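Residues 5 to 250 in this note's numbering are what the sequence shown lists, from first letter to last. The C-beta atom is built at its ideal place from N, Cα and C for all residues, glycine as well. Being a predicted model, the structure only gives us computed values, none of them experimental. Below: the structure, in structure tokens.
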Amino acid sequence: MRANDWPLPFWIAHRGAGKLAPENTLAAFRLGAQYGYRAFECDVKLSSDGMPFLLHDATLERTSNGQGVAGQMNWSALSRLDAGSWHSRSYAGEALPSLDALARFVLANRHALNIEIKPTPGQELLTGQVVGREVLRLWAGSGFAPLFSSFDPLALKGAKETAPGIPRGLLLDELRPGWLGEAQGLGCRAVISNYRLMDRATIAQIHTAGMKALVYTVNEAAAAQALIADGVDGIITDAVDRFSPV
Ligand code: G3P
Ligand code: MG
């Protein structure tokens with residue numbers, strides 16, 4: 005991938021296939037792809053022995069049959085958990101994927117990926133550093149690169165240290181003072197905000213600063229249409245069955 009290439013198409017499937025399959029499992033990414041999606045968002049954190057793997061929450065209870073803080077368990081134990089039964093019986097036994105496993109799936113299919121670095125609290129810098137290093141190894145020679153994103157500036161700093169050439173986006177759930185300068189200071193290529201924060205003026209501000217403006221998580225047609233009219237550069241959605249990415 006050339007340094008200035010932007011790695012994502014407009015439509016991005018959130019956590020694989022939104023709520024239609026157990027989030028952040030390979031089954032979810034397969035389902036999203038069946039709906040025609042060619043780009044996916046996922047949440048990545050570290051096991052206690054430093055393996056990057058997919059999970060949204062810091063704890064295991066909501067989306068697996070495990071208990072406690074996921075980042076305190078080693079990969080051997082995490083990889084044996086059931087991350088599908090909580091969703092529905094047809095996904096029973098679905099595993100928590102490593103980033104390595106997801107990379108094999110997306111690279112084999114030439115899909116784009118937005119890796120949200122979602123550190124276990126206290127591991128922000130380390131998580132960014134390790135995920136950066138792993139991505140360089142996994143995507144080497146592919147001609148593709150993922151986009152890193154995080155709500156946590158330290159995580160983006162870590163990824164910048166180990167993988168400076170992989171593009172970054174700052175996630176925002178509020179437009180806190182100095183947000184634009186913060187994104188610029190981290191060398192970000194994008195600002196990705198809660199869609200309720202993004203309007204025409206904010207998008208113009210981000211564009212003037214030389215960055216892309218993306219939004220999460222848009223599930224209603226009226227909101228998507230308004231954001232498209234305002235000039236947004238990408239939409240992350242759960243509604244893979246409602247929005248055709250073509
Ligand atoms: O990356 C966009 C979106 O996933 C951020 O929020 O909580 O769904 O990870 P969350
Ligand atoms: Mg996320």
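The distance from the Cβ of A205 to that of D237 is about 15 Å, inconsistent with a contact at the 8 Å cut-off. Between the ligand MG and the CB of E45, the shortest heavy atom gap is smaller than 7 Å.
Between the region 151–161 and the region 110–125 there are three or more C-beta pairs closer than 8 Å, enough to call the two in contact.
Look at K216 here: in three-state DSSP terms it is strand.
Under the rule that a run must span 4 or more residues, the alpha helix (DSSP H) segments found entirely inside the region 146–195 read 157–166, 183–189. At least 8 Å separates the beta-carbon of W183 from that of L190.
Sequence-distant Cβ neighbours of H91 in its own chain, meaning closer than 6 Å and more than five residues away, are P26. Boundaries of the alpha helix (DSSP H) harbouring E138: 128–143, taken from the DSSP string.
Along the region 8–72, the beta strand (DSSP E) occurs as fully enclosed runs of 3 or more residues at 15–17, 43–50, 56–58, listed in sequence order.
Spatial neighbours of L179 in its own chain (CB-CB distance under 6 Å, excluding positions within 5 residues in sequence) are listed in chain order as L201. DSSP places G235 in the coil class of the three-state scheme, outside both helix and strand.
Using a cutoff of 7 Å, the CB of E128 does not count as near the ligand MG, since none of the ligand's heavy atoms is closer than that. Within 7 Å of the C-beta of L175 there is at least one heavy atom belonging to the ligand G3P. In the structure shown, the three-state DSSP call for T241 is strand. Using a Cβ distance threshold of 8 Å, P171 and Y41 do not count as a contacting pair. One thing to note: E138 has its Cβ no nearer than 8 Å to the Cβ of T29.
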